[in-house]
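Peer 1: Residue numbers (this note's numbering), protein chains in the order written: chain A, 320 to 642; chain B, 320 to 642; chain C, 3 to 325; chain D, 3 to 325. Note that the Cβ used here is the ideal one computed from N, Cα and C, for glycine as well. Here the structure is a predicted model, which is why all the values come from computation and not from measurement.
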Amino acid sequence: MNKKQKIALFHEMVLIRRIEEHAMQLYQEGKIGGFLHLYIGQEAVGSGVLAARKPQDRVLTAYRDHGIAIASGIEAKTVMAELLGKKTGTSKGFGGSMHMADVEKNYWGGHAIVGSHLPFAAGMAMADRYRGEDNVTLCFFGDGATNIGYFHEALNLAGVWELPVVWICENNQYGMGTAVARASAVEEIHKKAEAYNTAHSRVDGMDVSKVYEAAQEAIQHAREKGPYFLEAVTYRFEGHSMGDPERYRTKAEVGEWEEHDPIGIFRKQLIEEKVADEDALNEQEKQVEGIVEQAIRYAEESPDPTWDDLVETVYVDEYGDVI
Amino acid sequence: MNKKQKIALFHEMVLIRRIEEHAMQLYQEGKIGGFLHLYIGQEAVGSGVLAARKPQDRVLTAYRDHGIAIASGIEAKTVMAELLGKKTGTSKGFGGSMHMADVEKNYWGGHAIVGSHLPFAAGMAMADRYRGEDNVTLCFFGDGATNIGYFHEALNLAGVWELPVVWICENNQYGMGTAVARASAVEEIHKKAEAYNTAHSRVDGMDVSKVYEAAQEAIQHAREKGPYFLEAVTYRFEGHSMGDPERYRTKAEVGEWEEHDPIGIFRKQLIEEKVADEDALNEQEKQVEGIVEQAIRYAEESPDPTWDDLVETVYVDEYGDVI
Amino acid sequence: MSVITMREAISQALWEEMERDENVFIMGEEVGVWGGTYAVTRGFYDHFGEKRVRDTPIAESVIVGAANGAAMVGLRPVAELMTINFAFTAMDQIVNQSAKLHTMFGGQFTLPIVIRAVGGGGRQLAATHSQTPDAVFAHFPGLKVVSPGTPYDAKGLLKSAIRGDDPVLFIENATLYQMRGEVPEEDYLEPIGVSKVQRQGSDVTLVTYSKMLQFSLDAAKELAKDGIEVEIVDLRTLRPLDMGPVIKSFKTTNRAVLVEEGWRSYGVMAEVATRLYEQAFDYIDAPIRRVAQHEVPLPYNRELEQQALPQVEDIVQAVKGVL
Amino acid sequence: MSVITMREAISQALWEEMERDENVFIMGEEVGVWGGTYAVTRGFYDHFGEKRVRDTPIAESVIVGAANGAAMVGLRPVAELMTINFAFTAMDQIVNQSAKLHTMFGGQFTLPIVIRAVGGGGRQLAATHSQTPDAVFAHFPGLKVVSPGTPYDAKGLLKSAIRGDDPVLFIENATLYQMRGEVPEEDYLEPIGVSKVQRQGSDVTLVTYSKMLQFSLDAAKELAKDGIEVEIVDLRTLRPLDMGPVIKSFKTTNRAVLVEEGWRSYGVMAEVATRLYEQAFDYIDAPIRRVAQHEVPLPYNRELEQQALPQVEDIVQAVKGVL
Ligand SMILES: Cc1ncc(C[n+]2csc(CCOP(=O)(O)OP(=O)(O)O)c2C)c(N)n1
Ligand SMILES: Cc1ncc(C[n+]2csc(CCOP(=O)(O)OP(=O)(O)O)c2C)c(N)n1
Ligand SMILES: [Mg+2]
Ligand SMILES: [Mg+2]
């Protein structure tokens, strides 16, 4: 990455952080409903991996999807509009926080049933091979998702068919309130890949530079040789979703991880590497504030989807007016 | 095993073989309906493992269940009666070939949805631990079953909770017509156990003595330390079920495996070890013929279950006559 | 009598039955350390310990499957599916296993399992997380499906479900947990498979259950102002379905409105309407009306979601429509 | 016109659509080398190759899930579930994903997937392998459910399903494959969502579909001997459900008998009956009767299974009952 790209990456991570901080606020105000799963603390994973993809490479993730939506290139205002349930949102206001996608950006969602999107990733990679295209599919999921049947069936199929998928496990230590060791027979999650004859490695998910490098190798491996499993060790600073009693972890534990804030780490790197100085980075932060405020205004001023918008989107083909 | 036990084991394997040969016949005659999956060629696995269990140890398998039913101690006539759909059968004629069980013998079926019984095994083992009993649960399944989500969820749970289960994979090279390599990313199936922190090994499933020894170790391990995965390499000499076109394998391949007939191998061993001579073993075979003929007569003379038998078995508790 | 919430009623039923019978235990996602996603099992983990309040991996098939296995050998599991939407990832275990094993094996063992699942929409959780697919489960003989609408019924029915020997799917509604109602201090049971008149009236018979019982009671208040007295029959159990009180009421009112939260087509009330016509044909003065969910995947947008869901006003209009 | 079997009709539809559009491909268990468990895809593997006729592991969730993913990016998968009983192991993919993704993401991509599944009882396969749970799938908006009863409709409807852009569950019946009927030589389509009069008559309207269409035609012959002429309306599509021809016929006969193979309660005909009463209340001369499966898990025993299933004679009696 050149200086410009590195600063853009910093800008992106800060943007993700600010959008979600405001989202928390808007949730308290009742302007956002449903479930809201924040990515705060995990930004380096999504931003690092997406920085290494080509636009032709497909992206999927679970319901903790705002960060990866932004990293995929979706505008802040479109993400915000979806959070507010507006017609101008990524999904016309039908999907909400958990279901953002933008086919133009090759970002295929945003899926709330744990593990359900892993088979999609295998199918998309299969389709690309079917058409002779050398796209790679990047599929993000959590540590908890590695224990559901979907994980097994999808990774096995990708292994048997040697599909160009990069499986990215964001190991943030917990599936809701259940620590990895209490839910998974194997704690070094990337080693599960061996049961699928899939190459694997583990990376520090708090260091965006390391994630970027690891992702480059993983993506190249997938494009040339077949599936790759990348485990990113990370942590979510906020609760699982709004209103998490957090009985399963201590404030001290959270505090320790917060000392490894991915944005702080990257900021330090950029200054040490003389990519930018404090002022330049603060300037970036200021810009982001403006973008987020505009995004919120745009979202609030946007129209709601109508009943007809919804009904017209249930089926594609005509079949008369029968139900 | 002492001489007596070894001869009994030979007797059992021959009994399983003859019952199924007659079952094939009865199927052609239309006296047996539905699906009929034969165990012919795999007898050493069921007989070898069951010879190593204590009566307190629980047993489950898939739909290819006649052999393991007999090895569990169910009488030939009761198996035959179920095949003919009679009230005197293992399951009152409601289950048929694929669904035999006998709780008295600690044999819990006979399950036809691939992989569906693996969670049962985990639950039974959990129940035994819950009650402080040192029973072990023996769960048989095929190579093809290791690719379905059930396998993953059940083995992971057994691993996390350190349950006393022996997972026995009968690798007969094919899941219906699909060779292991075409369906599983890993061909050495027992290695999948590593993803569940579960000890594992592979044994020649055509040699009942080797299976017996391996099973003894596996069961002891499960009783004392936790789950164990045993892969028995075997082969089914007949089609997947009646009417299999068998386009997926050659006569030559089947012929090669038939030279390793588990009954032939054991017979040779018994004679070499001077456990018994030809005449003694032929005498056993004659006895078996008699038992099977009696079993068939018993089954044919047995009554069918009645409509009331069926309706009374839908629910246990009274709830008035509402549907 | 003391006035408690639905949450407390369900929590008390679980607590009291666990105190009463040590074979009763709870397993599911976040039931332990977290205290239950909806705080129903708050405090259970500390009191009963991890042996009887078991946090599981995110693996619904093995949650229900292991519970089935444990039930087969005599324990009384209460398996919690965080929401009924996730029941689809355990569908085979619920409708093919829990519902059928007892019959299919000739009744030689029972399945005293209770599967708790939270259903219902109206919380902006979008299409995959907002369903009320109760009718789907009620279609399967062998399973019992219970869905209470008051704290009194919830406690009494859940206790019956736990003490009974048949598999029971116990469907709760997330938006009812705060609802208050009178519940006896002493131990009591409500029978499964018995519908109940929750309000007396002579003009129209209104059949409903679960959350829609509350909406119907509100509608009844509205209508009473215009001098219209509706009699409300609460099904409480969908299978077995007790039409007795419905028919009895209908024979006096000759008019009926059927209200459910789920989709109209192939929903619960289609069966109720059909049985009404079959069993009380000569008493019908006006076409029976259904109030149900519009046939769309529920959207995130608050207004559209509310528009798709049945409202009190819809019930009021339907009742006026049959008069 | 040429007379071919249902099997040939379905096979031809698949073959012709694959020749017509190279984005169409088949994936499922034993569809390739084996030639399809019911020989529907016999010869496809050799002609189209393993790229377009893909044998999969035994993993229904990823069969449907990968097909969903491939469909999202523009291919037209025909995913085969060997039998509809196994659809429950892929339930989440069918009812939560295939049915909802298009709407939930604001319509930005389509899901042109066809899921073929074989249903029906009567072959002594016991409870888990003999189901006709069509109503369950028809409950979900977003999905289309088609189930033809003649070779002509099977071919024309399957082609429409493959060319259409909505997800379609295409339910076949194992005991109909041998059935013969006239089919045009040239390419043709039958519209999804349109019911069809398969026999004209003026005395009673008989509504049915799939295998029960044949039973109903046989019953009609019987009844004709007594001078009773039944008009048979074949639904062909369960969602969207076209009541037009049903109502039209009913307004002339004023009597109806509804016949389905599945369980009575919460079955397909409950919805049909309810809509008949809602839409043609003033034309009813006699209570509408349902002929359906008894509410038991189907047993293996041949006689009992037949007793539990609807028979031609039951239809004859029901028709006489409404006259
Ligand atoms: C099949 C299914 N089961 C349960 C849930 C409820 N649920 C939502 S998120 C979650 C935890 C997932 O943990 P993990 O995969 O580690 O992702 P993280 O939330 O940590 O990012 C659970 C249990 C669900 N959405 N889908
Ligand atoms: C969930 C499910 N999918 C598909 C089937 C159909 N089916 C029955 S047996 C079988 C093959 C199983 O192969 P394997 O596990 O190797 O056991 P084997 O038959 O070789 O003993 C299949 C696909 C099924 N019964 N259940
Ligand atoms: Mg996690
Ligand atoms: Mg096999």
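Looking at I60(D) and ligand 2, is the gap between the Cβ and the nearest heavy atom below 8 Å?
Peer 2: The answer is yes for I60(D).
Peer 1: Would you report the Cα separation of V206(D) and A258(D), rounded to the nearest angstrom?
Peer 2: Approximately 6 Å, taken between the alpha carbons.
Peer 1: Please name the residue or residues paired with N490(B) in a DSSP beta bridge.
Peer 2: Answer is V552(B).
Peer 1: When you compare the CB positions of A551(A) and G574(A), do they come within less than 9 Å of one another, or not?
Peer 2: No. Outside cutoff.
Peer 1: Taking the alpha-carbon of K511(A) as reference, which of E536(B), L474(B), R521(B) has the nearest alpha-carbon?
Peer 2: When only C-alpha atoms are compared, the closest one is L474(B).
Peer 1: Distance check for I508(A) and G37(C), CA to CA, integer angstroms please.
Peer 2: For G37(C) and I508(A), the distance between alpha carbons rounds to 26 Å.
Peer 1: Would you say the beta carbon of E32(C) comes nearer than 8 Å to a heavy atom of ligand 4?
Peer 2: No.
Peer 1: Under a three-way DSSP split, which group does S4(C) fall into?
Peer 2: Here S4(C) sits in strand by DSSP.
Peer 1: Within its chain, find whatever has a CB closer than 8 Å to the CB of K213(D); leave out the 5 residues flanking it on each side and keep chain order.
Peer 2: These residues qualify, in order along the chain: G122, G151, N175, T177, L178, E263.
Peer 1: CB of G461(B) to nearest heavy atom of ligand 4: below 8 Å?
Peer 2: Yes - ligand 4 has a heavy atom lying nearer than 8 Å to the Cβ of G461(B).
Peer 1: Could you confirm whether any beta carbon from chain B is found closer than 9 Å to the beta carbon of H356(A)?
Peer 2: Output row for H356(A): interface = no.
Peer 1: In whole angstroms, give me the CA-to-CA distance for Y346(A) and G352(A).
Peer 2: Between Y346(A) and G352(A), the C-alpha separation is close to 6 Å.
Peer 1: List, in order along the chain, the chain A residues whose C-beta lies closer than 9 Å to that of A140(D)?
Peer 2: Within 9 Å Cβ-Cβ: nothing; A140(D) doesn't reach chain A, min ~11 Å.
Peer 1: So Q99(C) and G76(C) are supposed to be a Cβ contact under 8 Å. How far apart are they, rounded?
Peer 2: Rounded, the Cβ-Cβ distance is 17 Å, inconsistent with contact.
Peer 1: Determine the extent of the beta strand (DSSP E) in which F142(C) is found, giving its start and end residues.
Peer 2: Unbroken run through F142(C): none, as it is neither H nor E.
Peer 1: On the criterion of 16 or more Cβ atoms from any shown chain inside 10 Å, does F27(D) qualify as buried, or is it exposed?
Peer 2: Classification of F27(D): buried, given that the 10 Å Cβ count is 16 or more.
Peer 1: Going straight from the alpha carbon of Q344(B) to that of G415(B), what length do you get?
Peer 2: C-alpha separation (whole angstroms): 16 Å.
Peer 1: Using DSSP with H/G/I as helix, E/B as strand and the rest coil, what is D384(B)?
Peer 2: In the structure shown, D384(B) sits in coil (DSSP, three-state: anything other than H, G, I, E or B).
Peer 1: Do you know how far the Cα of A163(D) is from the Cα of M245(C)?
Peer 2: For M245(C) and A163(D), the distance between alpha carbons rounds to 39 Å.
Peer 1: Nearest to E394(A) by CA position, among K322(A), W576(A), D526(A), A614(A), is which residue?
Peer 2: Comparing Cα-Cα distances from E394(A) to each of K322(A), W576(A), D526(A), A614(A), the minimum goes to A614(A).
Peer 1: Can the beta-carbon of Y426(B) be found less than 9 Å from the beta-carbon of S391(B)?
Peer 2: Taking 9 Å as the Cβ cut-off, Y426(B) and S391(B) qualify as a contacting pair.
Peer 1: Can you tell me whether DSSP reads I60(C) as helix, strand or coil?
Peer 2: Coil, per DSSP.
Peer 1: Going by DSSP in three states, S520(B) sits in which element: helix, strand or coil?
Peer 2: Looking at S520(B) - three-state DSSP - the assignment turns out to be strand.
Peer 1: Look at the Cβ atom of R238(D), then the Cβ atom of K198(D), and state whether they are nearer than 9 Å.
Peer 2: Yes.
Peer 1: Can you tell me whether K593(B) is buried or exposed, with buried defined as 16 or more other CB within 10 angstroms of its CB?
Peer 2: Exposed: under 16 other Cβ atoms inside 10 Å.
Peer 1: Determine which residues of the stretch 406-439 of chain A have a Cβ less than 7 Å from any Cβ of chain C, and write them out in chain order.
Peer 2: Under the 7 Å Cβ criterion, the stretch 406-439 of chain A contributes G412, F413, G414, G415, M417, H418, A431, I432, V433.
Peer 1: Pick out whichever of R542(A), V333(A), G365(A) has its Cα sitting closest to the Cα of I610(A).
Peer 2: Minimum Cα distance to I610(A) is reached at V333(A).
Peer 1: Return the chain-ordered list of same chain residues with a C-beta closer than 6 Å to the C-beta of I1(C), the five sequence neighbours on each side being excluded.
Peer 2: The structure shown has nothing for residue 1(C), since chain C only spans 3 to 325.
Peer 1: Use the C-beta contact count for P581(B): other C-beta atoms within 10 angstroms, 16 or more gives buried, fewer gives exposed.
Peer 2: Buried, by the Cβ-count rule.
Peer 1: Below 9 Å on C-beta distance, what does F470(A) contact in chain B?
Peer 2: By Cβ distance, chain B contributes G468, H471.
Peer 1: Using alpha carbons as the reference points, say which of N491(A), H330(A), E481(A), V398(A) lies closest to M417(A).
Peer 2: Ranking the options by Cα distance to M417(A), first place goes to V398(A).
Peer 1: Determine whether the Cβ of K53(C) lies closer than 9 Å to any Cβ atom of chain B.
Peer 2: Interface residue, yes.
Peer 1: What is the DSSP secondary structure of G365(A), counted as helix, strand or coil?
Peer 2: Three-state result, G365(A): helix.
Peer 1: Relative to the C-alpha of P143(D), which residue among V261(C), P299(C), Q313(C) is closest?
Peer 2: With distances taken between Cα atoms, P143(D) lies closest to P299(C).
Peer 1: Please determine whether the Cβ atom of I467(A) lies at a distance below 8 Å from any heavy atom of ligand 1.
Peer 2: True, at least one ligand heavy atom lies under 8 Å from that Cβ.
Peer 1: Using a 10 Å radius around the Cβ and a threshold of 16 neighbouring Cβ atoms, would you call E233(D) buried or exposed?
Peer 2: When all chains shown are included, E233(D) counts as buried.
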